[in-house]
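Residue numbers (this note's numbering): 1 to 291.
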């Protein structure tokens, strides 16, 4: 994502450098919107960047306990579920978002707790390390099984082990904390260390150098009108390119229609099959008459 962002900024800087003394530069948002209409390659990789940013917003909402950010990211991700035909996620994301949006009316005390960040759990003193409550519980139950297996146990014994695992894990964690209490553990996130940052910058510069050397095409090249493969520069099918570039609009339309018909108006049962997105991809190729 950082690679795409830097290349986008470079293209925008080149655009401003070519302007005359009396010309007024467009904002970068207006520039990106205009270039998406003129270049399929630019539009496709801008869509990829937007999806990555969306996933990052969801992760940030969870890791920082930001309820509004998490809920907005869930609603935006639902469009991608519909576009990519993930019907189980699509169906129940509608119900989840609708119920959560109505929390201030149906359960104001729960909504107040969620806005304070109580929908996630802080398992350690490390920054940016909160996780959902069910994820924390699953981790506590599953972690002790790494050293052994419960296969072949009777059902009663298995239930006892499952119930006792969180307490076992707590004892293990406290023992490990006491063992390393004198180490002065940092609260910084592991990815914020100098070594991790230097490794990231090294990899990022290597990716940028590939574009500078011409070994891969620039995904933000505004001169390339068609969608091309970055390594071979093979031109993709225009029908597939247009479909992929409009995936966000396709998903939004399907999501909004489903929310209105099945959740708000209840004119269709929630269990009914959804309308397919007819999204053409490199695997799901269009019929011959559309090429």
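Positions of the beta carbon are idealized from the N, C-alpha and C atoms, including for glycine.
Three-way DSSP call (helix, strand, coil) for residue i in this model
i, result
"residue 25", "coil"
"residue 94", "helix"
"residue 113", "helix"
"residue 199", "helix"
"residue 283", "coil"
"residue 211", "helix"
"residue 263", "helix"
"residue 132", "strand"
"residue 8", "helix"
"residue 52", "helix"
"residue 120", "strand"
"residue 275", "coil"
"residue 152", "Only weak support exists for where residue 152 lies, its pLDDT of 41 falling under 50; the value from the coordinates is given anyway. Coil at residue 152, not helix or strand."
"residue 183", "Low per-residue confidence applies at residue 183: pLDDT is 48, beneath 50, and the placement is therefore not dependable enough to give any value."
Candidates the options, of which the one nearest residue i by Cα
i, options, result
"residue 252", "279, 115 and 233", "279"
"residue 94", "104, 81, 105 and 106", "81"
"residue 238", "109, 40, 271 and 64", "40"
"residue 232", "214, 249 and 248", "214"
"residue 48", "100, 245 and 198", "245"
"residue 220", "17, 38 and 102", "38"
"residue 247", "50, 263 and 99", "50"
"residue 90", "254, 287, 100 and 125", "254"
"residue 133", "65, 35 and 36", "65"
Pairwise C-alpha distance: residue j and residue i
i, j, result
"residue 12", "residue 273", "44 Å"
"residue 227", "residue 121", "43 Å"
"residue 118", "residue 268", "35 Å"
"residue 9", "residue 88", "38 Å"
"residue 194", "residue 202", "12 Å"
"residue 212", "residue 218", "9 Å"
"residue 147", "residue 135", "The predicted position of residue 147 is uncertain, since its pLDDT is 46 and thus under 50; a value taken from the coordinates is nonetheless stated next. The straight-line gap from Cα to Cα measures roughly 20 Å."
"residue 241", "residue 225", "11 Å"
"residue 285", "residue 243", "10 Å"
"residue 108", "residue 61", "20 Å"
"residue 200", "residue 5", "15 Å"
"residue 256", "residue 2", "31 Å"
"residue 63", "residue 20", "46 Å"
"residue 83", "residue 16", "36 Å"
"residue 265", "residue 7", "45 Å"
"residue 229", "residue 282", "11 Å"
"residue 56", "residue 271", "31 Å"
"residue 262", "residue 79", "15 Å"
"residue 191", "residue 29", "30 Å"
"residue 260", "residue 99", "14 Å"
"residue 33", "residue 197", "32 Å"
"residue 35", "residue 206", "26 Å"
"residue 102", "residue 26", "40 Å"
"residue 104", "residue 92", "20 Å"
Residue j beta carbon less than 8 Å from that of residue i
i, j, result
"residue 42", "residue 222", "yes"
"residue 97", "residue 69", "no"
"residue 208", "residue 216", "no"
"residue 277", "residue 250", "yes"
"residue 114", "residue 67", "yes"
Proximity test, residue i beta-carbon vs the ligand MG heavy atom, cut-off 7 Å
i, result
"residue 205", "Absence of the ligand MG is noted for the structure shown, with no ligands found whatsoever."
Tell me whether the region 75-91 and the region 123-132 touch, counting them as touching only if at least three CB pairs, one residue from each stretch, are closer than 8 Å. Verdict: no, contact absent.
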